[in-house]
Amino acid sequence: MSMSLPDSPFKTHGGVNVPHRKNTAKVESAVLPSPDTVILPMQQHVGAPCAPCVKAGDHVLVGQKIADSTAFVSAPIHASVSGKVIAIQKIMLGGGQLVDGVKIQSDGKMEISPDVKPPKIGNLDEFLKAVHESGLVGLGGAGFPTHVKLNVPKGKHVDTLIINTAECEPYITSDNRCAIEETDNIVNGLEAVKKWLGIHRVIIAVEGNKPDVIEKMTKAVANDSEVKVLTLRARYPQGAEKVLIQSCTDRRVPMGGLPADVGCIVMNITSTAFLGNYLATGMPLVKKRVTVDGSAIKDPKNVIAPIGTSIRALADFCGGYKEKPKKILIGGPMMGVSIFNDEVPIVKQNNGILFFDEKEAHKMEPTPCIRCGRCVNVCPMHLMPTLLEKYAKAKRVDDLVKLDVMDCMECGCCAYSCPAGRPLVQSIRFGKALVKARGKK
Ligand code: SF4
Ligand code: SF4
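Per numbering that gives the first Met the number 0, the sequence shown runs over residues 0 to 440.
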């Protein structure tokens with residue numbers, strides 16, 4: 000018999016209490032009908048961008064591969080609607096990168112490609128190949144190709160799979176709804192990873208503010224004694240990979256290290272559900288559940304939409320705007336990226352789009368640092384944000400490296416707790432870019 004463990008006994012450093020604002024947690028997800036057009040960017044993952052394998056004028060079907068790369072760290076891209084490729088064009092992503100995109104005019108039929116068949120898997124290599132072919136990347140926001148994550152480096156031994164159901168960002172509830180609506184897929188997905196990677200301990204880690212998820216998942220895994228549901232304290236950033244590993248196992252990933260260094264693999268729950276469905280049906284990653292919320296949107300809900308749908312189409316599907324949004328965020332308010340317009344398409348790893356009115360978008364004017372030390376106390380990575388900001392501004396790259404700037408996961412706890420309203424994360428991002436640029440040279 001499986002069981003639900005009590006609250007995690009393991010303490011982690013730092014973090015902040017944020018208002019949860021999970022307005023859409025109890026609202027059933029709605030399926031967006033086929034949009035008129037989608038644009039599929041060639042960079043929807045960490046790693047090498049894909050190159051299109053279709054051209055303008057081609058007819059494509061749902062699930063058909065339209066782009067791929069020979070690089071190991073990459074993931075193929077599939078058509079999310081059936082219809083005609085009308086252009087290969089440059090498209091600016093939410094983060095500001097200019098990449099190629101395949102624009103498809105939908106024929107409204109959502110006809111499925113004959114290539115879509117459950118994969119035949121008889122060993123670990125075939126499992127990893129199938130995961131690669133599915134186009135799966137970390138769907139919690141990271142976008143790291145899953146076949147790379149599941150390919151445990153030689154010399155490492157993984158004994159624990161953690162299914163990340165923390166979803167600690169305010170507003171975002173897409174993982175929460177996935178756990179309720181796709182429980183069977185989740186169980187199939189985690190059982191497959193367990194089987195092919197030979198893992199005998201699975202922890203489904205859920206924050207305590209999701210009792211319905213805890214109850215449903217506990218029942219779903221009741222027959223597998225190797226799978227446990229673990230309730231975690233609802234505190235941001237509980238879902239950050241390194242924080243989660245420590246909360247679940249009391250193991251600490253070393254600076255610059257990977258989860259496999261401490262015997263763990265962390266998979267997002269939506270990624271796990273997708274995998275379960277893919278292994279059963281062969282349908283690659285072509286749609287995504289996205290939380291649409293914020294003070295400027297009329298009817299907040301989770302929307303299941305074809306990848307490549309414009310953010311504007313999602314907003315329209317949710318009743319449109321109450322007033323023109325002053326700020327649009329891809330992701331949650333802590334780690335999300337502010338975007339310039341609503342024509343940007345959603346990509347694989349997007350899990351939330353927030354639209355804020357003038358009042359909610361109000362930004363505090365920064366004042367000088369008063370050396371209160373709050374930013375240091377709340378940093379889950381034991382960093383010194385105030386010094387990192389100073390060194391980034393002064394372009395002191397050696398000092399940034401000495402202070403482990405690359406270990407900053409950009410969680411935003413420092414900026415959130417700063418009484419002077421200092422834009423610490425932006426400065427630290429700049430500092431990381433300086434270090435990367437020197438590395439390239
Ligand atoms: S954004 Fe970086 S420096 Fe700031 S609290 Fe998070 S990990 Fe620490
Ligand atoms: S929290 Fe803000 S004011 Fe306080 S030490 Fe850090 S940067 Fe300075």
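Even glycine gets a Cβ: it sits at the ideal position worked out from N, Cα and C.
Separation of proline 305 and leucine 313 (C-alpha to C-alpha, rounded to the nearest whole angstrom) is 10 Å. Taking the CA atoms as reference points, lysine 64 sits about 9 Å from glutamate 132.
Scanning Asp114, Ile198, Ile202 for the CA closest to the CA of valine 157 turns up Ile198. Of the other Cβ atoms in all chains shown, 16 or more fall within 10 Å of the Cβ of lysine 209; this residue is therefore buried. Counting the other Cβ atoms within 10 Å of the Cβ of glutamine 425 gives fewer than 16, which makes it exposed. Between ligand 2 and arginine 311, a heavy atom-to-CB distance of less than 7 Å is absent.
In the three-state DSSP reduction, tyrosine 277 falls in the helix class (H, G or I). Residue pairing of leucine 39 in beta bridges, as defined by DSSP: Val101.
When C-alpha distances from leucine 160 are compared across Glu166, Ala259, Gly95, Ser309, the shortest belongs to Ala259.
In the structure shown, the three-state DSSP call for lysine 119 is coil.
Closest by C-alpha distance to glycine 14, out of Pro379, Ala391, Val147, is Pro379.
Between isoleucine 103 and glycine 82 the beta-carbon gap is near 5 Å, inside 8 Å, which marks them as a contact. Here histidine 146 is buried, its C-beta having at least 16 other C-beta atoms within 10 Å. Boundaries of the beta strand (DSSP E) harbouring glutamine 88: 82 to 91, taken from the DSSP string. Sorted by position in the chain, Gly13, Cys374, Val377, Cys378, Pro379, Met380, Leu382, Pro384, Leu387, Cys407, Met408, Glu409, Cys410, Gly411, Cys412, Cys413, Ala414, Leu423, Val424, Ile427 make up the residues whose C-beta lies under 7 Å from a heavy atom of ligand 1. An exposed status is given to asparagine 122, since fewer than 16 other beta-carbon atoms sit within 10 Å of its beta-carbon. In this chain, arginine 421 is not harboured by any alpha helix (DSSP H), its DSSP state being neither H nor E. Here the C-alpha atom of lysine 25 lies approximately 16 Å from the C-alpha atom of glycine 207. The three-state reading of DSSP puts glutamate 206 in strand, counting E and B together. A Cβ-Cβ contact shorter than 8 Å links lysine 215 with alanine 178.
By the C-beta density criterion, arginine 421 is buried, having at least 16 other C-beta atoms within 10 angstroms. Not one heavy atom of ligand 2 lies closer than 7 Å to the C-beta of glycine 430. Here threonine 11 has Val242, Gln245, Ser246 as same chain residues with Cβ atoms under 6 Å from its own Cβ, once five neighbours each way along the sequence are excluded. About 6 Å separates the CB atoms of leucine 274 and alanine 191; that is less than 8 Å, so the two are in contact. Proximity of the beta carbon of serine 416 to ligand 2 is indicated: a heavy atom of the ligand is located closer than 7 Å.
Contact between valine 212 and valine 220 fails: their C-beta atoms lie close to 12 Å from each other, not under 8 Å. The continuous stretches of alpha helix (DSSP H) do not include leucine 382, and DSSP gives it neither H nor E. Non-local C-beta neighbours of glutamine 43 in its own chain, meaning closer than 6 Å and more than five positions away in sequence, comprise Val346, Lys347, ordered along the chain. Here the C-alpha atom of arginine 176 lies approximately 16 Å from the C-alpha atom of leucine 31. Taking non-hydrogen atoms of ligand 2 into account, the C-beta of alanine 391 is found less than 7 Å away from none of them. Inter-residue distance for glutamate 359 and glutamate 166 is about 22 Å (C-alpha atoms, whole angstroms). Residue range 226 to 231 is occupied by the beta strand (DSSP E) that includes valine 226, with no alpha helix (DSSP H) assigned at that position. Beta-bridge analysis with DSSP links lysine 64 to His77. Beta-bridge annotation (DSSP): alanine 29 is paired with Val302. Contact between isoleucine 111 and valine 61 holds, since their C-beta atoms are separated by about 5 Å, short of 8 Å.
Restricting attention to beta strand (DSSP E) runs no shorter than 3 residues, the stretch 242 to 278 encloses them at 263 to 267, ordered along the chain.
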